[in-house]
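Q: The sequence shown begins at 65 in the numbering used here and counts up by one. Think of the CB as a built atom: it goes at the ideal place given N, C-alpha and C, for glycine as much as any other residue. These numbers were taken from a predicted model, which means no experiment stands behind them. For reference, the structure I am asking about is given below.
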Amino acid sequence: MEFRAPGWPFTISGAERGENPPGKFSAIPRGGYCKLPESPYSRYSRQIRFAPFGAEAQERLAAATAVVVGCGALGTVQAALLARAGVGTIRLIDRDYVEESNLQRQLLYTEADAARRHLIEANSGIRVESHIADLNPEDAADLLAGAGVILDGTDNFETRMLINDYAVREGVPWIYGAAVGSYGIAMPVLPNDSACLRCVYPEPPSGAQPTCETAGVLGPVTSMIGSLQAMEALKILGGRAGAVRRKIFRADLWNGPLRETAMPARDPDCPACGRREFAYLGGRRRAPVSLCGRNAVQIHDRSRPLNLPELAERLRVVGTVRVNEFALRFDDGEYDVTVFADGRAIVKGTTDVGVARGVYSRYVGN
Ligand SMILES: [Zn+2]
Numbered sequence: 065m066e067f068r069a070p071g072w073p074f075t076i077s078g079a080e081r082g083e084n085p086p087g088k089f090s091a092i093p094r095g096g097y098c099k100l101p102e103s104p105y106s107r108y109s110r111q112i113r114f115a116p117f118g119a120e121a122q123e124r125l126a127a128a129t130a131v132v133v134g135c136g137a138l139g140t141v142q143a144a145l146l147a148r149a150g151v152g153t154i155r156l157i158d159r160d161y162v163e164e165s166n167l168q169r170q171l172l173y174t175e176a177d178a179a180r181r182h183l184i185e186a187n188s189g190i191r192v193e194s195h196i197a198d199l200n201p202e203d204a205a206d207l208l209a210g211a212g213v214i215l216d217g218t219d220n221f222e223t224r225m226l227i228n229d230y231a232v233r234e235g236v237p238w239i240y241g242a243a244v245g246s247y248g249i250a251m252p253v254l255p256n257d258s259a260c261l262r263c264v265y266p267e268p269p270s271g272a273q274p275t276c277e278t279a280g281v282l283g284p285v286t287s288m289i290g291s292l293q294a295m296e297a298l299k300i301l302g303g304r305a306g307a308v309r310r311k312i313f314r315a316d317l318w319n320g321p322l323r324e325t326a327m328p329a330r331d332p333d334c335p336a337c338g339r340r341e342f343a344y345l346g347g348r349r350r351a352p353v354s355l356c357g358r359n360a361v362q363i364h365d366r367s368r369p370l371n372l373p374e375l376a377e378r379l380r381v382v383g384t385v386r387v388n389e390f391a392l393r394f395d396d397g398e399y400d401v402t403v404f405a406d407g408r409a410i411v412k413g414t415t416d417v418g419v420a421r422g423v424y425s426r427y428v429g430n
């Protein structure tokens, strides 16, 4: 018996669909295992059977590229779901080292290449690229080129603004997401259609922000936000952008509530999608960073007046902290970090600018 799935180019036999023809396989011993050749139809059959998606969207996925920026708690969830769904090419971009404390909430990330290997194990029919890189204005266009959608798995607002600049300029949809503590937020950005991130947040939040290192984060929160982002990405890559929910989703999984609010209208005066001034992509808003003496990196962040006593209180959970009115110094056992009241910092224990920026994001804010 042969049949053709509507819109699907593969001819599927009954055996491939898992139907045992009468009288066949009688030689297989009881309890034996007969692995049938896997067809694209059987692998994705449940997804294809979901009528609003269907075989045609599945075909589009196979030809599509998703870029996951940041391969931490959110990015690993997104990448795993997209790989299993059959997105043809997945590009992972991550600047960070893996730390033990991350494993509790990271589903597949033990190291950058391990993330890639795990995805290929989950689905050998797709292509997975991994780039160890700090997404910055100089190489953003190369790293994000060809993306059908960009997923935000980053831990800092500056990189999100850079993604937003690129996405708006090039007309590539992207999905914002963030999680800290028991709280998470997600929002799709459809350039030329919906509001962009700078319509909603014209400037990054000022002052020190809670981070996963200072406030912690719960695995179910990152799983939920990463899943929501992956769902909207699959709609876009499957050619179902009309089904993208134009909402801002916010949830506190510990205290509640879970709620969605309508996205605001596009701001005609938005620097990015209104005036098309891409300051982050132009590098004019990037925090300058420089090597500073031996085994240390200085970060001259944007003007970020900090409340040092308050920051000290938050950092006491991660290491030893000393503070006076001019500076705060703390040691997490690996890095010795001095933070000044104007937001500048010196990270000792590394000469890697990306690592130092990561340390700053984790402990001072994004
Ligand atoms: Zn905008």
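1) What's the C-alpha gap between K99 and S106?
2) Given 8 Å as the limit, is there contact between the stretch 292-300 and the stretch 218-231, that is, 3 or more CB pairs closer than that?
3) Can we count R330 as close to ligand 1, meaning its CB is less than 7 Å from some heavy atom?
4) For V250, which of D257, A242 and N256 has the nearest alpha-carbon?
5) Using only the alpha-carbon positions, how far apart do G397 and V385 sit?
6) Taking 6 Å as the limit between beta carbons, can you name the residues of its chain near T402, skipping five residues before and five after?
7) Taking the alpha carbon of R262 as the point to measure from, which residue in R304, R340, E324 and E277 has its own alpha carbon closest?
8) Run the proximity test for R124: is its beta-carbon closer than 7 Å to any non-hydrogen atom belonging to ligand 1?
9) Taking 8 Å as the threshold, find out whether the stretch 141-148 comes into contact with the stretch 320-330 through three or more Cβ pairs.
10) Residues around ligand 1, please: the ones whose beta-carbon is closer than 5 Å to some heavy atom of it, in chain order.
11) Give the C-beta separation of G217 and V133 to the nearest angstrom, bearing in mind that I take them to be a contact with Cβ-Cβ under 8 Å.
12) Considering just the uninterrupted stretch of the alpha helix (DSSP H) at T278, what are its terminal residues?
13) Three-state secondary structure (DSSP) at G346?
14) Which same chain residues, not among the five before or five after Y161, have their C-beta less than 7 Å away from its C-beta?
15) In whole angstroms, what is the alpha-carbon distance linking P269 and G429?
16) Going straight from the alpha carbon of G189 to that of M288, what length do you get?
A: The relevant details are as follows:
1) For the purposes of this step, residue 99 is taken as residue 35 along the sequence shown, with counting starting at 1. For the purposes of this step, residue 106 is taken as residue 42 along the sequence shown, with counting starting at 1. Residue confidence for K99 is low, a pLDDT of 46 falling below 50, so the modelled location carries little weight and cannot support an answer.
2) No, because fewer than three Cβ pairs between the stretch 292-300 and the stretch 218-231 fall closer than 8 Å, the two stretches do not touch.
3) Within the sequence shown, the letter at position 266 stands for residue 330. Yes; taking the cut-off as 7 Å, the Cβ of R330 has a heavy atom of ligand 1 nearer than that.
4) As a first step, residue 250 must be located in the sequence shown, where it is residue number 186. Rather than Val, the amino acid found at residue 250 in this sequence is Ala. Nearest option by C-alpha distance: A242.
5) The residue given as residue 397 occupies position 333 in the sequence shown. The residue given as residue 385 occupies position 321 in the sequence shown. Distance between the alpha carbons of G397 and V385: 11 Å.
6) Taking the first residue of the sequence shown as position 1, residue 402 is located at position 338. A distance below 6 Å between beta-carbons, with the five flanking residues on each side excluded, links T402 to the following residues of its chain, in chain order: A391, R393 and I410.
7) Looking up residue 262 in the sequence shown gives position 198. Closest by C-alpha distance to R262, out of R304, R340, E324 and E277, is R340.
8) Here residue 124 refers to the residue found at position 60 of the sequence shown. Because no heavy atom of ligand 1 lies under 7 Å away, the Cβ of R124 does not count as near it: no.
9) Counting Cβ pairs under 8 Å, fewer than three are found: no touch.
10) Contact residues of ligand 1 (beta-carbon closer than 5 Å to any heavy atom; chain order) are C260, R262, C263, C334, A336 and C337.
11) Locating residue 217 in the sequence shown gives position 153, counting from the first residue. Locating residue 133 in the sequence shown gives position 69, counting from the first residue. About 6 Å separates the two Cβ atoms, so the contact holds.
12) For this step, residue 278 is matched to residue 214 along the sequence shown. Its alpha helix (DSSP H) spans residues C276 to A279.
13) Start at 1 with the first residue of the sequence shown, and residue 346 comes out as number 282. It is coil, neither helix nor strand.
14) For the purposes of this step, residue 161 is identified with residue 97 of the sequence shown, where counting begins at 1. Because Y161 sits at a pLDDT of 44, beneath the cut-off of 50, its placement in the model cannot be relied upon, and the point is left open.
15) Residue 269 sits at position 205 when you count from the first residue of the sequence shown. Residue 429 sits at position 365 when you count from the first residue of the sequence shown. Approximately 9 Å, taken between the alpha carbons.
16) Counting from 1 along the sequence shown, the entry for residue 189 is found at position 125. Counting from 1 along the sequence shown, the entry for residue 288 is found at position 224. Computed Cα separation, rounded: 26 Å.
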